[in-house]
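Asker: This structure is in structure tokens; I'll ask about it shortly.
Numbering (my numbering), first residue to last: 3 to 237.
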């Protein structure tokens, strides 16, 4: 218990430091920073693998990587084999139900229904469990990476102003409570709710991550992009 409390407090202190430095940086350039037009409600969506590409080198600032993503992906793919096996077992039992006992037929149907429900539940969370967060398009959009039915990576891009910051205007005690949670919600206006784990995930760029999750849209945009050159302010 003491170890868990210490971890939560350490994470809360890291959140506070990130918010302090982010707020100072954002306020210095907020007046001169251009406002970003409201993005289309339909996000850019495409599937890819979890391997790096040219965009990851030239235009992507990775912020967060979800914990145990490879294990979760393996679980999602295993459920496909399980569903196929269940259907293969249930089908002949159902077709021969007239010759089989009622208990055997019921067992086959229950096996198929149970496997389908398990697959549906895994798919529900696979579409919401964030494997990676990154800033793209010179910091104007947030790329959210999840998985599809087959366990393949799906990237969706949203304007940063559409993110409802879950860490905005929190006290020290509230930050400690958030830091102690296994998952916290990430809401995108007009989209489904995602989940991230700040406690167990890898914070690849904590300063910019907390700027996205804990500030208003203008501050997040001015922090991610330099108003003078339009390039990433960290370059």
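We put the beta carbon where it would ideally sit given N, CA and C, even for glycine.
Tell me where the alpha helix (DSSP H) around residue 174 begins and ends.
Answerer: The sequence position of residue 174 within the chain shown is 172, counting from 1. Taken as a continuous stretch (DSSP letters only), the alpha helix (DSSP H) holding residue 174 covers 174 to 181.
Asker: Roughly how many whole angstroms lie between the Cα atoms of residue 128 and residue 111?
Answerer: For this step, residue 128 is matched to residue 126 along the chain shown. For this step, residue 111 is matched to residue 109 along the chain shown. Distance between the alpha carbons of residue 128 and residue 111 is about 26 Å.
Asker: Give me the DSSP bridge partner(s) of residue 161.
Answerer: Sequence index remark: in the chain shown, residue 161 carries index 159 (1-based). For residue 161, which the question treats as bridged, DSSP gives the partners 143.
Asker: Given this structure, state the Cα-to-Cα distance separating residue 238 from residue 125, to the nearest angstrom.
Answerer: Nothing about residue 238 can be reported from this structure: the residues present for the chain run from 3 to 237 only.
Asker: Would the beta-carbon of residue 133 fall within 7 Å of that of residue 68?
Answerer: Taking the chain shown and counting its residues from 1, one reaches residue 133 at position 131. Taking the chain shown and counting its residues from 1, one reaches residue 68 at position 66. Going by C-beta atoms, residue 133 is nearer than 7 Å to residue 68.
Asker: Evaluate the contact criterion for the segment 175 to 185 versus the segment 135 to 148: three or more CB pairs, one atom per stretch, below 8 Å.
Answerer: As far as the Cβ criterion goes, the segment 175 to 185 does not touch the segment 135 to 148, which means the pair count is below three.
Asker: Which residues share a DSSP beta bridge with residue 67?
Answerer: One-based indexing of the chain shown puts residue 67 at position 65. According to DSSP, residue 67 bridges with 134 and 204.
Asker: Are residue 121 and residue 81 closer than 7 Å when you measure CB to CB?
Answerer: Within the chain shown, the letter at position 119 stands for residue 121. Within the chain shown, the letter at position 79 stands for residue 81. In contact: residue 121 and residue 81 (Cβ atoms closer than 7 Å).
Asker: Looking at the structure shown, is residue 155 part of a helix, part of a strand, or coil, going by DSSP?
Answerer: Your numbering for residue 155 matches position 153 in the chain shown. Three-state DSSP puts residue 155 in a strand.
Asker: Per DSSP, what are the beta-bridge partners of residue 148 in this structure?
Answerer: Taking the first residue of the chain shown as 1, we reach residue 148 at position 146. The partner list for residue 148 (beta bridge, DSSP) reads 156.
Asker: Taking only three categories from DSSP, how would you classify residue 42?
Answerer: Indexing the chain shown from 1 puts residue 42 at position 40. Because the pLDDT of residue 42 is 34, which lies under 50, any placement of that residue in the model is unreliable, and the question is left without a value.
Asker: Exposed or buried, what is residue 36 when buried is set at 16 or more other beta-carbons lying within 10 Å of its beta-carbon?
Answerer: For the purposes of this step, residue 36 is taken as the residue at position 34 of the chain shown. At residue 36 the pLDDT is 35, less than 50, meaning the model places this residue with poor confidence; the figure from the coordinates comes in the next sentence. Under this definition residue 36 is an exposed residue.
Asker: Out of 198, 212 and 78, which one is the CA nearest neighbour of residue 130?
Answerer: Within the chain shown, numbered from 1, the residue matching residue 130 stands at position 128. Minimum Cα distance to residue 130 is reached at 198.
Asker: Count the other CB atoms, across all protein chains shown, that sit within 10 Å of the CB of residue 214; report buried if there are 16 or more and exposed otherwise.
Answerer: Residue mapping note: residue 214 aligns to position 212 of the chain shown, counting from 1. Label assigned to residue 214: buried.
Asker: Residues in the same chain with beta-carbon distance under 7 Å from residue 78, minus the five sequence neighbours each way, listed in chain order, please.
Answerer: Walking along the chain shown from the start, residue 78 turns up at place 76. Answer for residue 78: 124, 128, 149 and 153, listed in chain order.
Asker: Count the other CB atoms, across all protein chains shown, that sit within 10 Å of the CB of residue 158; report buried if there are 16 or more and exposed otherwise.
Answerer: Within the chain shown, numbered from 1, the residue matching residue 158 stands at position 156. By the 10 Å Cβ count, residue 158 comes out buried.
Asker: Between residue 212 and the ligand FMN, is the CB less than 6 Å from at least one heavy atom?
Answerer: This structure simply doesn't include the ligand FMN, nor any ligand for that matter.
Asker: So the candidates are 65, 160, 203 and 167; which of them puts its Cα closest to the Cα of residue 187?
Answerer: Within the chain shown, residue 187 is the residue found at index 185, counting from 1. For residue 187, the nearest C-alpha among the options comes from 167.
Asker: Rounded to whole angstroms, what's the CA-CA distance from residue 86 to residue 138? Just pull it up for me.
Answerer: Position 84 of the chain shown, counted from the first residue, corresponds to residue 86. Position 136 of the chain shown, counted from the first residue, corresponds to residue 138. The alpha-carbon atoms of residue 86 and residue 138 are separated by roughly 38 Å.
Asker: In the DSSP output, which residue or residues are listed as bridge partners for residue 168?
Answerer: Locating residue 168 in the chain shown gives position 166, where the first residue counts as 1. Paired residues: none, contrary to the question.
Asker: To the nearest angstrom, how far is the alpha carbon of residue 208 from that of residue 66?
Answerer: Taking the chain shown and counting its residues from 1, the one referred to as residue 208 is at position 206. Taking the chain shown and counting its residues from 1, the one referred to as residue 66 is at position 64. The alpha-carbon atoms of residue 208 and residue 66 are separated by roughly 8 Å.
Asker: In whole angstroms, what is the alpha-carbon distance linking residue 203 and residue 105?
Answerer: Along the chain shown, read from residue 1 onward, the residue named residue 203 stands at position 201. Along the chain shown, read from residue 1 onward, the residue named residue 105 stands at position 103. Rounded to whole angstroms, residue 203 to residue 105 spans 46 Å at the Cα level.
Asker: From what residue to what residue does the beta strand (DSSP E) around residue 189 run?
Answerer: Translated into positions along the chain shown, residue 189 becomes position 187. From DSSP, the beta strand (DSSP E) with residue 189 extends over 186 to 190.
Asker: Less than 8 Å between the CB atoms is what I'm expecting for residue 216 and residue 173, so what's the real figure, rounded?
Answerer: For the purposes of this step, residue 216 is taken as residue 214 along the chain shown, with counting starting at 1. For the purposes of this step, residue 173 is taken as residue 171 along the chain shown, with counting starting at 1. Their Cβ separation, rounded to whole angstroms, is 13 Å, which puts residue 216 and residue 173 out of contact at 8 Å.
Asker: May I have the straight-line CA-CA distance separating residue 193 from residue 141, to the nearest angstrom?
Answerer: As a first step, residue 193 must be located in the chain shown, where it is residue number 191. As a first step, residue 141 must be located in the chain shown, where it is residue number 139. Their backbone Cα atoms lie some 20 Å apart in a straight line.
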